[in-house]
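Reading through the structure tokens given below for one structure.
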Amino acid sequence: MSRKLQCFFGWKKIWSLFVSPQAAALVEEETRRYRPTKNYLSYLTTPDFSTFETEIMRNEFERLAARQPMDLLSMKRYELPAPSAGQKNDITAWQECVNNSMAQLEHQAVRIENLELMSQYGTNAWKVYNDNLAFMIEMAQKELQKFRKQIQDLNWQRKNDQLAGGAKLRELESNWVSLVSKNYEIERAIIHLENEISTLRQQQGDENKENIRQDF
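Reading the sequence shown from the start, the letters are residues -25 to -1, 1 to 191 in mature numbering (1 follows the signal peptide of the UniProt record, and there is no 0).
Structure representation (structure tokens):
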């Protein structure tokens, strides 16, 4: 019998004698102990999905549920309307228009000032930001490479341990199969010897009977 066949039959015998009955017993025990019903999760409390909702989120959810369109961006504050026809001679209406115009003018002046500041200092600020970002990326990549190396080393260590364990298991399995085969051969030899002894005893008995008859 080849070594592979010996290993195969050895594992098959181990499975049938030890592993399979234990697995079946575990499945039977779990099936007997756990009998789920349709409402087997009824003991759990109903989750509250509104715990982290804000007022803005609730309003938006209500709008989506009502299938209403999203409000467009209002451009009214950028408009400079003149007083209506009925308020052409109303000083208060004209004063409001003037105040609105001054506010719009100040707003545009602030925007121009911001653009000038950005033109003067924005380039250097972006350079510094990009340098910091590049440094952060470099540090993150180094950290990533370190973790990848640690993972690779760990995987190699696990692989080596598993290969060593596999070799040890194969060695033990080979020894076990060899011992089982030797026991089988010894058992066959014992049976053969017992048969020979029985045959010899029978022959000896027949010879004794024949000698006794001859004596008489």
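Note that CB positions come from ideal geometry on N, CA and C, so glycine has one too.
Item: Through-space distance from I31 to M50, alpha-carbon basis; Value: 21 Å
Item: Sequence-distant residues of its chain with Cβ nearer than 8 Å to Q179 (five each side left out); Value: none
Item: CB contact flag (P58, A68, <7 Å); Value: yes
Item: Inside the stretch 115 to 142 only - alpha helix (DSSP H) runs reaching at least 4 residues; Value: none
Item: Whole-angstrom C-beta distance between Q79 and Y53, which should lie under 8 Å; Value: 7 Å
Item: Residues near E113 by beta carbon distance below 8 Å, same chain, minus five either side; Value: none
Item: Cα-Cα separation between F(-18) and Q137, rounded to whole angstroms; Value: Only weak support exists for where F(-18) lies, its pLDDT of 48 falling under 50; the value from the coordinates is given anyway. Going by the C-alpha atoms only, they are around 21 Å apart.
Item: Collapsed DSSP secondary structure at R42 in the structure displayed; Value: coil
Item: Bounding residues of the alpha helix (DSSP H) (the contiguous stretch that carries R86); Value: I66 to L92
Item: Whole-angstrom distance between Q132 and E118, CA atom to CA atom; Value: 21 Å
Item: M111 (DSSP reduced to helix, strand or coil); Value: helix
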